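I have placed the structure first, in the form of structure tokens, so that the comments after it can refer back to it.
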Amino acid sequence: MVTTVSSKGAETASTASRDRQPQSATLVIFGAGGDLTKRLVVPALYHLVQADKLPDRFTIIGVDRIDQTSEQWCPSLTKMMQTVTPGSRIDDAAWSWLTQRMHYMPADFTQAETFTRLAGLLARQGGKNSIANVLFYLAVGERFFGPIVEQLGHAGLIRQTEEAWRRVIIEKPFGHDLTSAKALNAKILKVLSEDQVYRIDHFLGKETVQNILVLRFANGIFEPLWNRDHIDHVQITAAETIGVESRGRFYERIGALRDMVPNHLFQLVAMIGMEPPISFDADAVRAKKTELLQAIHRIAPENAVRGQYGNGVVSGQRVEDYRHEPNVAPDSGTETYVALKLGIDNWRWAGVPFYLRTGKRLSARTTEIAIQFRQAPYALFRDTPVERLPPNVLTLRIQPDEGLSVSFSAKRPGSDIEIDGVAMDFSYRDYFEPVATVGYETLIYDCLIGDATLFQRADTVEAAWRAVQDLLDTWARAPADDLPNYAAGSAGPEAADRLLARDARAWLPIAGDLLYGKPNKRKS
Ligand code: BG6
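Count the sequence shown with my numbering and you get residues 3 to 526, in order.
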């Protein structure tokens, strides 16, 4: 069934977005008993209650196979909330505001009958104050996305009217390659119109990622330098100290490239690389991001490195190699690390490499973007003892220790000309009160107000898969024969260093606190 949105309906949605005031709504969570709901969705809702961001007429219906009642569901969530807010008491008023609005429906969401029951419940629970706006949250495994959307369509649950919107949030992973992502988009868009679909990439829920656009476009000093004339290269690092934890079965099929690159890291690439949109309208922003991803060159195998962790020491703890993790094959060829050199084929970035790396069980947990500017001409310092001029680096610290720093050269006090690297540093915590967040608050709130700016459009997802597809195929054809090739707790495989050394460049140290290889002296 194809559902279309009337132009009036679309107008209502955009008006809501302008007001940024959520209308009354019901949130239906498929996968209510799962980890994502407990660890992220419900705590995010709780924080939204505390921030007074939810409408008074708001209802939550949790759907899952576990046979329990609403009275049993809520205490299990309370238990989880205690672990999410360690050390601080749960705000009883906010929590009971939320739990009073929560209902649980035990059901198998592969069965058509579930959706008929759900339709009945949605119609009934509002009574004469029927809440017709419904946000369906698919917090379920990837294989259920298509079938649930189809069933919602058959049951008439996604039909919009002038008074009421229907929207669907779809979690990651959105497909596992270009073909599967296209097939999933085709299936979903048979039932829903694009403006009803909210494909989540949780990196876009991070304040520091959203701040990239503000940094670039609300300041006059960066944009004139933001191009191939001034930037030598860009490094993006998403390093984790955790291993695959209990996700061995999932990770064996996925690996680091699929898990992190076409989604999270490409979102960072797009934010750094996109052209200025003409407005903050969702489609204006998403069109520019998509264009950037479409301009990424095909990644040649010699511009990619894969790695897998062996045993080692992380944060003082001895840890096992990947192949000894639960549900991992003893001869697994799955990569837990990937480094890439990307080229972007447009006027702004031609010839400026974007080096990306991400991995599990690395030496530190840090996600950073480093923009390295071209070196100043050396001539002026030729007759001085200065051996080299360190390049200026603008580092955006996405997490932890959120902030940014600019490194530059300064004269060391004294009668000789000696130059040292110093940094100007901005830390969020120095300027802003910390806000309790699990990273999903803005995303859920934006769905409620109909603002899709931070969500992936069908063509964005496909452009990202297209950029990595050749590499996925090459790697599938030629399994690596040198794994494991990095020790847990290290900075990754040596081959990743060679990838940059070939271009006479080097990775910045992984610990975010180092500048020019020295500790940042500004900090106590
Ligand atoms: C998820 C990946 O999407 O992102 C995980 O599946 C990864 O493997 C996680 O650990 C990283 O997210 P964050 O927000 O912890 O950096």
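Ideal Cβ placement from N, Cα and C applies to all residues, glycine included. What you are looking at is a predicted structure, and each value in this text was computed from that prediction instead of being measured.
Assigned secondary structure, residue i (DSSP; H/G/I helix, E/B strand, else coil)
| i | result |
| --- | --- |
| L398 | strand |
| T338 | coil |
| K192 | helix |
| Y139 | strand |
| P511 | coil |
| G148 | helix |
| I68 | coil |
| I157 | The identity of residue 157 in the sequence shown is Ala, whereas the question assumes Ile. Reduced to three states, the DSSP call for A157 is coil. |
| A366 | coil |
| Q269 | helix |
| R41 | helix |
| T6 | With a pLDDT of 32 at T6, under the threshold of 50, the modelled position of that residue is not reliable, and the figure given next carries that caveat. Note: T6 maps to coil in three-state DSSP. |
| Q374 | strand |
| Q162 | coil |
| A306 | strand |
| Q471 | helix |
| V316 | strand |
| F578 | The question about residue 578 has no answer here: the residues shown for the chain are numbered 3 through 526. |
| A53 | coil |
| L391 | coil |
| S182 | helix |
| S90 | coil |
| Y380 | coil |
| P77 | helix |
| N348 | coil |
| A2 | Nothing can be reported for residue 2: it is not among the residues displayed for the chain, which extend from 3 to 526. |
| F111 | coil |
| P279 | coil |
| V440 | coil |
| V463 | helix |
| Q84 | helix |
| T14 | The predicted position of T14 is uncertain, since its pLDDT is 39 and thus under 50; no value can be drawn from it. |
| E247 | coil |
| R119 | helix |
| I274 | helix |
| P226 | helix |
Strand pairing of residue i, partner residues [DSSP]
| i | result |
| --- | --- |
| N428 | The sequence given here has Phe at residue 428, not Asn. Looking at the DSSP assignment, F428 forms a beta bridge with L406. |
| M104 | I62 |
| Y311 | Y488 |
| K343 | Y357 |
| D422 | A412 |
| Q458 | R201 |
Residue i, enclosing beta strand (DSSP E) - first and last residue
| i | result |
| --- | --- |
| L233 | Looking at the sequence shown, residue 233 is not Leu but Ile. Taken as a continuous stretch (DSSP letters only), the beta strand (DSSP E) holding I233 covers I233 to A241. |
| R201 | V199 to R201 |
| E322 | Looking at the DSSP string, E322 is not in any beta strand (DSSP E), and its letter there is neither H nor E. |
| I31 | A27 to F32 |
Nearest-angstrom beta carbon gap, residue j and residue i [assumed within contact, 8 Å]
| i | j | result |
| --- | --- | --- |
| I346 | L398 | Wrong, their Cβ atoms sit about 18 Å apart, outside the cutoff. |
| V315 | G491 | 5 Å |
| L154 | V193 | 7 Å |
| G2 | T336 | This structure does not reach residue 2, given that the chain is present from 3 up to 526, and the question cannot be answered. |
| V321 | R363 | 7 Å |
| I68 | P108 | 7 Å |
| L137 | L391 | Wrong, their Cβ atoms sit about 54 Å apart, outside the cutoff. |
| I512 | A482 | 22 Å between Cβ atoms; not a contact. |
| L159 | A121 | 6 Å |
| Y48 | Q70 | At roughly 20 Å, the Cβ-Cβ gap does not stay under 8 Å, so Y48 and Q70 are not in contact. |
| G207 | L445 | 5 Å |
| R201 | Q458 | 4 Å |
| M426 | S407 | 6 Å |
| F210 | E404 | Correcting the residue type first, residue 210 is Thr in the shown sequence and not Phe. Between E404 and T210 the Cβ distance is about 5 Å, and since that is below 8 Å, they are a contact. |
| G441 | H204 | 6 Å |
Span of the alpha helix (DSSP H), counted from its first residue to its last, around residue i
| i | result |
| --- | --- |
| L501 | E496 to A503 |
| F219 | E209 to F219 |
| E293 | A284 to Q296 |
| R169 | Taken as a continuous stretch (DSSP letters only), R169 belongs to no alpha helix (DSSP H), being part of the beta strand (DSSP E) at R168 to I172. |
| A258 | G250 to M262 |
| D483 | First-last for D483: undefined, no H or E at that position. |
| T444 | E443 to I451 |
task: Give a yes or no on contact between the region 429–439 and the region 237–248, applying the rule of three or more CB pairs nearer than 8 Å.
output: no
query: So, do the region 210–226 and the region 173–192 have three or more beta carbon pairs nearer to each other than 8 Å?
result: no
message: Using a Cβ distance threshold of 8 Å, determine whether the region 49–69 contacts the region 23–33, with at least three qualifying pairs required.
response: yes
message: Measuring CB atoms only, is the region 413–430 touching the region 166–186, in the sense that at least three cross pairs come out at less than 8 Å?
response: no
query: When the Cβ atoms of the region 225–232 are set against those of the region 472–479, are three or more pairs found closer than 8 Å?
result: no
- prompt: Contact between the region 137–150 and the region 74–88: three or more CB pairs below 8 Å?
  reply: The region 137–150 vs the region 74–88: no contact.
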